[in-house]
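A quick write-up on the structure given underneath.
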Amino acid sequence: MLFHVRMDVRIPHDLDPALAADIIAKEKAYSQELQGSGKWRHIWRIAGEYSNYSIFDVSGNEELHEILNGLPLFKFMDIKVTPLLRHPSAIRDDDS
Numbered sequence: 015m016l017f018h019v020r021m022d023v024r025i026p027h028d029l030d031p032a033l034a035a036d037i038i039a040k041e042k043a044y045s046q047e048l049q050g051s052g053k054w055r056h057i058w059r060i061a062g063e064y065s066n067y068s069i070f071d072v073s074g075n076e077e078l079h080e081i082l083n084g085l086p087l088f089k090f091m092d093i094k095v096t097p098l099l100r101h102p103s104a105i106r107d108d109d110s
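In the numbering used here, each residue carries its 1-based index in the sequence shown increased by 14.
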């Protein structure tokens with residue numbers, strides 16, 4: 015099942031810089047692991063914002079919830095999830 019996810023990151027300005035750097039490094043490793051597995055299919059930065067648009071390919075709502083909850087930056091994020099369904103006019107077979 016595909017999901018379009020917007021993540022807006024809001025790290026508090028008073029967070030210890032060393033702690034912030036550690037969390038960001040863990041976030042990068044976790045996201046790259048998920049990308050390697052195919053569960054996090056695409057990620058795009060939104061220009062001028064500390065935000066991204068991502069496409070997840072997971073078994074369903076519960077798996078997506080677990081993945082998002084596991085993000086080291088999760089407590090500093092506003093997340094909006096949109097389930098995606100293949101459009102009947104789509105011509106590519108590999109987008110499902």
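Ideal Cβ placement from N, Cα and C applies to all residues, glycine included.
Because the structure is a prediction, the values reported are computed rather than measured.
**OP:** For S45, count neighbouring Cβ atoms within 10 angstroms of its own Cβ and tell me buried if that reaches 16, exposed if not.
**Re:** Taking the sequence shown and counting its residues from 1, one reaches residue 45 at position 31. Burial of S45 is indicated by the presence of at least 16 other C-beta atoms within 10 angstroms of its C-beta.
Original post:
Identify the residues that DSSP records as bridge partners of V19: which are they?
Top reply: Counting from one through the sequence shown, the residue named residue 19 turns up at place 5. Looking at the DSSP assignment, V19 forms a beta bridge with S68 and V95.
**OP:** In angstroms with no decimal places, state the Cα-to-Cα distance between A61 and P26.
**Re:** Taking the first residue of the sequence shown as 1, we reach residue 61 at position 47. Taking the first residue of the sequence shown as 1, we reach residue 26 at position 12. Taken atom to atom, the span from the alpha-carbon of A61 to that of P26 is near 20 Å.
**OP:** Inspect the CB distances between the stretch 67-75 and the stretch 48-56 and report whether three or more fall short of 8 Å.
**Re:** The stretch 67-75 makes contact with the stretch 48-56: 3 or more CB pairs, one atom from each, lie closer than 8 Å.
Original post:
Start and end of the beta strand (DSSP E) containing I105?
Top reply: Within the sequence shown, numbered from 1, the residue matching residue 105 stands at position 91. No beta strand (DSSP E) holds I105; DSSP gives it neither H nor E.
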